[in-house]
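Once you know that position 184 of the sequence shown is 184 in UniProt numbering, the rest is easy, because the numbers rise by one and skip nothing.
A virtual CB, placed ideally from N, CA and C, is assigned to each residue, including glycine.
Given the structure is predicted, the values throughout are model-derived calculations rather than measurements.
These notes are about the structure you will find just below.
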Amino acid sequence: MKRRYIALFIIILMCIVVAVGGTLIFVRSDSVFKKDKNSSSRYYIFVDVTINRLYLYKDNELIKTYPIASGRPNTPSPIGVWRIISKDTWGEGFGGRWMGFNVPWGKYGIHGTSEPWSIGHDESEGCIRMFNKDVRELYKIVPIGTTVRIYGGPYGPFGEGFRILRPGDRGADVYEVQRLLKEKGYFKGYVNGIYGEDMKQAVFNFQRKNGLRISNEIGYSFYEKLGIKLMD
């Protein structure tokens, strides 16, 4: 019981810091950070890519922790709240096990690795890598429908801070920028977290309207004009 309450306290404290510190200034009901209320699984997976650890809970009690490898800075893991929508037994390059997420901007999931030295580091293309023995164990435990929350830092979809976004980039930060551009009437496409041609035109139009230099890069002045501020 003590482990259970310690684990719950850590999660609650994290939420309080985010709310009181103002580091996540917008978390709306249509955000990728909304809690998945439709999951019927008794299990819950929390992944902290800032320290490369995976935590497995059952009925709110922490039952397992595992070391993992997460995405590189240029191919980040998908920050947000997801659900396992597929399970498969793939080749040994993936440790023979795959648990896929419902991420709109690409194919991401939990799998094993043929590069065990990468565990504990930011070395993947965005997926969550585990030691093969660990992923086989996790695969047996969690069912399809299990909620997976991936935490990337104190700034919500922006992880540990802003990055310069360019065409071809994808991720939770791209998703939130798209969502705000659509809300303001600039973006007409599908909000999918991928910086494509349709988003580039929206970026140009927003820059013209707000007196910014015309560029396909999204930087700090763009974020500020869009109304996004990261507070310490």
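(message) In this structure, how does DSSP classify Ile227 when only helix, strand and coil are distinguished?
(response) Here residue 227 turns out to be Gly, not Ile, going by the sequence shown. In the structure shown, Gly227 sits in coil (DSSP, three-state: anything other than H, G, I, E or B).
(message) I need the straight-line Cα distance from Arg42 to Arg179, nearest angstrom please.
(response) Whole-angstrom Cα-Cα distance: 31 Å.
(request) List the residues that DSSP assigns as beta-bridge partners of Ser41. (result) The secondary-structure analysis by DSSP pairs Ser41 with nothing; it has no beta-bridge partner.
(message) Rounded to the nearest angstrom, what separates Gly71 and Gln207 at their Cα positions?
(response) Cα atoms of Gly71 and Gln207: separation of roughly 30 Å, rounded to the nearest angstrom.
(message) Taking contact to mean 3 or more Cβ pairs, one atom from each stretch, closer than 8 Å, check whether the stretch 91-110 and the stretch 152-169 are in contact.
(response) The stretch 91-110, when compared against the stretch 152-169, does not touch it at the 8 Å Cβ threshold.
(request) Would you identify the three-state DSSP class for Phe33, choosing helix, strand or coil? (result) For Phe33, the predicted model reports a pLDDT of 49, less than 50, meaning its position is unreliable and no value from the coordinates is stated.
(message) I want to know whether the stretch 122-137 touches the stretch 173-190 - three or more CB-CB distances under 8 Å.
(response) Contact between the stretch 122-137 and the stretch 173-190 is absent, with fewer than three C-beta pairs closer than 8 Å.
(request) With DSSP as the reference, please indicate the residues paired to Tyr139 in a beta bridge. (result) According to DSSP, which records beta bridges pairwise, Tyr139 is partnered with nothing at all.
(request) Could you tell me the boundaries of the alpha helix (DSSP H) in which Glu160 lies? (result) Per DSSP, Glu160 lies in no alpha helix (DSSP H) segment and is marked neither H nor E.
(message) Would Trp117 and Asn102 be called neighbours here (beta carbons separated by less than 8 Å)?
(response) Judged by beta-carbon spacing, Asn102 lies beyond the 8 Å limit of Trp117, meaning their Cβ atoms are not closer than that value.
(request) Sort out for me which residues DSSP pairs Thr146 with in a bridge. (result) Beta-bridge pairing links Thr146 to no other residue.
(message) Can you confirm whether the stretch 62-79 touches the stretch 143-151 when touching is taken to mean that 3 or more C-beta pairs between the two stretches lie within less than 8 Å?
(response) By the Cβ test, the stretch 143-151 is in contact with the stretch 62-79, since at least three Cβ pairs between them sit closer than 8 Å.
(message) My parser needs the beta strand (DSSP E) runs of 3 or more residues fully inside the UniProt domain "L,D-TPase catalytic" (43-151); what are they?
(response) Inside the UniProt domain "L,D-TPase catalytic" (43-151), DSSP marks whole beta strand (DSSP E) runs of 3 or more residues at positions 43-48, 53-58, 61-67, 80-88, 98-101, 109-111, 122-124 and 147-151, from first to last along the chain.
(request) Could you give the DSSP three-state label for Arg208: helix, strand or coil? (result) DSSP places Arg208 in helix when its eight states are reduced to three.
(request) Please name the residue in Ser40, Gly193, Val203 and Ser215 whose C-alpha comes closest to that of Pro104. (result) When only C-alpha atoms are compared, the closest one is Gly193.
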